[in-house]
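Mapped onto my numbering, the consecutive letters of the sequence shown carry residue numbers 3 to 461. From the three backbone atoms N, C-alpha and C, an ideal C-beta is built for every residue, glycine too.
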Amino acid sequence: MAILIQNAEVVSATETKRTNVRVEHEKIAAVGEDVVAESGDEIVDGSDQLLIPGGVDPHVHMALPFMGTVSIDDFESGTIAGIMGGTTSLIDFAIPAKGESLLETLDVWYEKSAGKAAHDYTFHMAVVDWDERIAEEIPKVVSDHGITSFKIFMAYKGVFDVNDEQIFHILEATKAAGGFVNVHAVNGDIQLMLADRFAEQGNTDTRYHALAQPPRAEGEATGRVIDLGAIVEQQVYIVHVTCEPAVERIAAARARGEPVWGETCPQYLLLDDSLYDLPDFEGAKYVLSPPLRKKKDQDVLWRALADNEISVMGTDHCAFTFSEQKQMGRDDFRLIPNGFMGLQERLPLLYTHGVTKGRISANRWVELCSTNPAKIFGLYPRKGTIEVGSDADLVLWDPAATDTISAETHFSRCDYNVYEGFETMGGPTKVWVRGELAASEGEFVGTVGRGEFVKRPPR
Ligand SMILES: [Zn+2]
3 MAILIQNAEV
13 VSATETKRTN
23 VRVEHEKIAA
33 VGEDVVAESG
43 DEIVDGSDQL
53 LIPGGVDPHV
63 HMALPFMGTV
73 SIDDFESGTI
83 AGIMGGTTSL
93 IDFAIPAKGE
103 SLLETLDVWY
113 EKSAGKAAHD
123 YTFHMAVVDW
133 DERIAEEIPK
143 VVSDHGITSF
153 KIFMAYKGVF
163 DVNDEQIFHI
173 LEATKAAGGF
183 VNVHAVNGDI
193 QLMLADRFAE
203 QGNTDTRYHA
213 LAQPPRAEGE
223 ATGRVIDLGA
233 IVEQQVYIVH
243 VTCEPAVERI
253 AAARARGEPV
263 WGETCPQYLL
273 LDDSLYDLPD
283 FEGAKYVLSP
293 PLRKKKDQDV
303 LWRALADNEI
313 SVMGTDHCAF
323 TFSEQKQMGR
333 DDFRLIPNGF
343 MGLQERLPLL
353 YTHGVTKGRI
363 SANRWVELCS
373 TNPAKIFGLY
383 PRKGTIEVGS
393 DADLVLWDPA
403 ATDTISAETH
413 FSRCDYNVYE
423 GFETMGGPTK
433 VWVRGELAAS
443 EGEFVGTVGR
453 GEFVKRPPR
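Encoded structure:
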């Protein structure tokens, strides 16, 4: 069946225009003021609403085995949460343990996502080691699996980290294969040394989680990997940028014309490190890496988003329950599973605190949450835009809708929400996934298992 959405303000990364959009066979079939309904079309009135391309979240972890447990949202609950907040594509990370094969790791991720996702998805391939087998597997990941983005960790020493020599090899190999690299940039030696020193001194409270990852340790690693990327002439994408020292390095590289991108997440714009001082272990709810920073860093990030020094809004959605999973670290901050939610909250929070407060335009909001991640990661123009031939992943957005975020009503399986009580302005009234209505007036009406793995072309 075909659908005509009429009278909405269609917001793209570059313009806002009242026009009609016709959807047929999962795709956008026509766009224009003169596009009218054909017989049998369902007509949706978009008056007083925005129509935007569905959000693309380039940074999530569904059912990730991590720190002795598994993150609580899987491809089913995670994609439903995303849809309820206006997101219709995600990129997860397939992460091997050291010594494991990349291709066998991908099989594990295919299996864990199969039949569960309610919208489309793809994976980044993490590389946590360097040896002959990995060198042989990287080109196959790109050519056989359509996975063109890789991930390296400079943090999590002994678990996921790679050293400078390994990074150099990975930058070269991914470039030769037609891919590029995402980086978790924090100096892992300093992080591990400080965390262990605090613990040996008996300082095991949650606040020491943040003190073990000083902003300069993030800035240093960010600058180092940008420099390594420049030597190899490889593109580098810095995930979850939190603070001024990291923004400075990215801005300087971009000013030199280097292919460097930065991503931040809502938590680094809206939450700060004073939360780690909450009594009764409540601070553990906010433990993630890199940690929450100071209010002054939030100001730097908002400006960087507006000035295009930071190009993408992700979430690092990786939720763990407070009643059980976070309790693993009650006596030692080093054992608190790192991460929390954001898939459902990303678009409403950035609209509320970015667009309605005049920090960014609605076009920039669409660019940060949908168009740029689709472009950078090779999903564009299938995703991230409203053009003839694009997938009909669409969100009808009521700019006047109000809501209050709460664990009582969110669609994540987590038992708390870091944004509990936050009021939002603007929200999705209808969401389509490849032409099928998936959310309507706050109800999930989509189909679990309808989401497909999307292959991407080499760069
Ligand atoms: Zn992550």
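Alpha carbon of residue i to alpha carbon of residue j, nearest angstrom
i: residue 328; j: residue 248; result: 28 Å
i: residue 195; j: residue 383; result: 45 Å
i: residue 42; j: residue 141; result: 47 Å
i: residue 128; j: residue 236; result: 17 Å
i: residue 395; j: residue 261; result: 28 Å
i: residue 4; j: residue 25; result: 5 Å
i: residue 333; j: residue 457; result: 44 Å
i: residue 284; j: residue 212; result: 14 Å
i: residue 32; j: residue 40; result: 12 Å
i: residue 452; j: residue 381; result: 18 Å
i: residue 151; j: residue 176; result: 8 Å
i: residue 27; j: residue 437; result: 7 Å
i: residue 276; j: residue 296; result: 8 Å
i: residue 160; j: residue 241; result: 20 Å
i: residue 341; j: residue 68; result: 10 Å
i: residue 165; j: residue 156; result: 7 Å
i: residue 63; j: residue 35; result: 40 Å
i: residue 184; j: residue 312; result: 14 Å
i: residue 268; j: residue 109; result: 31 Å
i: residue 46; j: residue 21; result: 13 Å
i: residue 411; j: residue 343; result: 14 Å
i: residue 75; j: residue 65; result: 6 Å
i: residue 409; j: residue 288; result: 15 Å
Residue from the options with nearest C-alpha to residue i
i: residue 401; options: 387, 359 and 384; result: 359
i: residue 29; options: 434, 457, 459 and 456; result: 434
i: residue 443; options: 431, 437, 454 and 450; result: 431
i: residue 167; options: 143, 18, 229 and 461; result: 229
i: residue 367; options: 46, 89, 111 and 35; result: 89
i: residue 392; options: 11, 257, 414 and 23; result: 23
i: residue 101; options: 78, 139, 439 and 79; result: 139
i: residue 427; options: 410, 412, 439 and 406; result: 406
i: residue 37; options: 66, 397, 15 and 7; result: 7
i: residue 224; options: 104, 290, 256 and 411; result: 256
i: residue 121; options: 80, 148, 131 and 136; result: 80
i: residue 290; options: 282, 273 and 298; result: 273
i: residue 345; options: 338, 149, 319 and 243; result: 319
i: residue 314; options: 398, 110 and 239; result: 239
i: residue 214; options: 91, 188 and 14; result: 188
i: residue 93; options: 111, 103 and 105; result: 111
i: residue 154; options: 231, 11 and 74; result: 231
i: residue 357; options: 307, 385, 336 and 331; result: 307
i: residue 216; options: 270, 293 and 208; result: 293
i: residue 118; options: 182, 221, 105 and 448; result: 448
i: residue 218; options: 243, 206 and 204; result: 243
Short CB-CB distance (under 8 Å) between residue i and chain B
i: residue 446; result: Looking at the structure shown, chain B is missing, and only one protein chain is on hand.
Residues bridged to residue i (per DSSP)
i: residue 387; result: DSSP lists no partner for residue 387.
i: residue 393; result: 29
i: residue 19; result: 12
i: residue 399; result: 52 and 430
i: residue 153; result: 128 and 184
i: residue 286; result: Answer is none; residue 286 lacks a bridge partner.
i: residue 67; result: 72
i: residue 441; result: 433 and 446
i: residue 342; result: 319
i: residue 46; result: 7
i: residue 266; result: 315
i: residue 92; result: 59 and 123
i: residue 163; result: 155
i: residue 117; result: DSSP, once it has assigned bridges, lists no residue as partnering residue 117.
i: residue 405; result: 426
i: residue 239; result: 184 and 263
i: residue 34; result: 22
Ligand 2 heavy atom lying under 7 Å from the CB of residue i
i: residue 163; result: In the structure shown, ligand 2 is absent; the only ligands present are ligand 1.
TODO: Say whether the segment 415-423 touches the segment 311-327, bearing in mind that this needs 3 or more beta-carbon pairs closer than 8 Å, one atom from each stretch.
DONE: They touch, by the three-pair rule.
Task: Beta carbon nearer than 7 Å to a non-hydrogen atom of ligand 1 - done: Going along the chain, the residues that qualify are 61, 63, 95, 186, 241, 242, 318 and 320.
Task: Inter-stretch contact at 8 Å, needing at least 3 Cβ pairs: the segment 39-56 / the segment 394-408 - done: A contact exists between the segment 39-56 and the segment 394-408.
- [ ] Decide yes or no for the touch test of the segment 97-110 against the segment 345-358: beta carbon pairs closer than 8 Å, at least 3 of them.
- [x] Judged by Cβ distances under 8 Å, the segment 97-110 makes no contact with the segment 345-358, as fewer than three pairs qualify.
Open item on the list: Across the segment 262-269 and the segment 75-84, are there enough close Cβ pairs to call them in contact, namely three or more that are closer than 8 Å?
Closed with: No: the two stretches stay apart, fewer than three of their Cβ pairs being nearer than 8 Å.
Task: At least 3 beta-carbon pairs within less than 8 Å: the segment 296-312 vs the segment 248-258 - done: These segments touch.
- [ ] Would you check if the segment 362-377 and the segment 53-63 touch, i.e. whether three or more CB-CB distances between them fall below 8 Å?
- [x] Short answer: they touch.
Task: Three or more C-beta pairs below 8 Å linking the segment 131-138 and the segment 189-209 - done: Between the segment 131-138 and the segment 189-209, the count of Cβ pairs shorter than 8 Å is below three; the stretches do not touch.
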